[in-house]
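**Student:** Mind having a look at this structure? Questions to follow.
In the working numbering, the protein residues as written are 27 to 255.
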């Protein structure tokens with residue numbers, strides 16, 4: 027059983043870093059963003075370098091991630107796990123906080139040393155107005171290195187998360203080469219739309235606000251082989 031999320035991610039993209047790994051749709055806005063394994067790895071590395079070099083965090087430190095499913099959320103989560111941070115599940119003191127622009131008012135329940143806000147812009151543009159007490163994640167992360175060497179040891183919660191992910195992948199009958207469509211509005215747990223597919227070397231079509239009238243055409247266009255709707 028795998029016990030290191032950073033290694034699972036690296037293994038998932040190793041055979042073909044250029045293939046689409048995560049394709050993001052939001053049917054409420056018309057957004058479609060396609061990330062190859064290499065592109066997502068670049069965002070993950072920048073995030074991990076931000077955490078280690080700028081915020082000076084160490085393995086075992088904690089992060090709060092108040093973000094909905096999104097391709098930028100994937101980068102934040104994998105960056106945290108690459109830096110061996112523990113992603114907190116319950117409100118409390120944390121070392122770093124990432125919050126969607128619409129959730130910054132929840133920050134009071136998560137006292138944090140550093141706080142980053144994300145607009146989740148389709149083109150990853152900087153925020154026009156940064157909430158007081160926050161830094162703009164996109165502006166901060168862009169200046170960091172494109173490569174990060176994860177710590178060899180697993181993060182504190184990696185084994186348990188990956189055990190859940192492998193069990194979920196088996197439940198969904200995922201196999202290498204599958205392409206999984208996920209309605210992330212109904213299945214917001216990152217185990218469903220991020221970790222389970224990674225453990226099975228499956229690529230993902232993640233759909234927010236999924237319009238049922240486009241499901242058949244999207245399934246054909248994106249060459250979907252499995253669906254979680």
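Beta carbons are placed, not taken as given, at the ideal position from N, Cα and C, and that holds for glycine.
Mark residue 249 as exposed unless 16 or more other C-beta atoms lie within 10 angstroms of its C-beta, in which case mark it buried.
**Tutor:** exposed
**Student:** Looking only at its chain, what residues have a beta carbon closer than 7 Å to the beta carbon of residue 259, apart from the 5 residues adjacent to it on each side?
**Tutor:** What is shown of the chain runs 27 to 255, which leaves residue 259 out entirely.
**Student:** Which first and last residues belong to the beta strand (DSSP E) in which residue 209 is found?
**Tutor:** 205-209
**Student:** So, for residue 58: in the same chain, excluding its five sequence neighbours on each side, which residues have a beta-carbon less than 6 Å away from its beta-carbon?
**Tutor:** 51
**Student:** Taking contact to mean 3 or more Cβ pairs, one atom from each stretch, closer than 8 Å, check whether the segment 87-105 and the segment 183-191 are in contact.
**Tutor:** no
**Student:** Considering only C-alpha positions, which residue in the set 105, 167, 146 and 230 is nearest to residue 55?
**Tutor:** Minimum Cα distance to residue 55 is reached at 146.
**Student:** According to the Cβ coordinates, are residue 117 and residue 135 closer than 8 Å?
**Tutor:** yes
**Student:** Along the chain, where does the alpha helix (DSSP H) that runs through residue 60 open and close?
**Tutor:** Note, residue 60: premise wrong, no alpha helix (DSSP H); beta strand (DSSP E) at 57-62.
**Student:** Could you work out which residue in 196, 88 and 175 is closest to residue 183 when comparing CA atoms only?
**Tutor:** 88
**Student:** Out of 169, 253 and 108, point me to the one whose CA is closest to residue 242's CA.
**Tutor:** 253
**Student:** Between which two residues does the beta strand (DSSP E) carrying residue 140 extend?
**Tutor:** Following the DSSP letters along the chain, one finds residue 140 inside the beta strand (DSSP E) bounded by residues 138-144.
**Student:** State the beta-bridge partners of residue 83 as determined by DSSP.
**Tutor:** DSSP, once it has assigned bridges, lists no residue as partnering residue 83.
**Student:** Any idea which residues DSSP pairs residue 252 with across the strands?
**Tutor:** 206
**Student:** To the nearest angstrom, how far is the alpha carbon of residue 110 from that of residue 124?
**Tutor:** 16 Å
**Student:** Leaving aside the five residues before and after residue 214 along the sequence, list all residues of the same chain whose C-beta is less than 6 Å from its C-beta, in chain order.
**Tutor:** 95
**Student:** Skipping 5 residues on each side, what residues in its chain have a beta carbon closer than 6 Å to that of residue 148?
**Tutor:** 57
**Student:** Do you know offhand how far residue 75's Cα is from residue 161's?
**Tutor:** 16 Å
**Student:** Select from 233, 105, 226 and 31 the residue whose C-alpha is nearest the C-alpha of residue 209.
**Tutor:** 233
**Student:** I'd like to confirm the pairing. Which residues does DSSP put opposite residue 233 in its beta bridges?
**Tutor:** 51 and 209
**Student:** State yes or no: is the C-beta of residue 178 within less than 8 Å of the C-beta of residue 164?
**Tutor:** no
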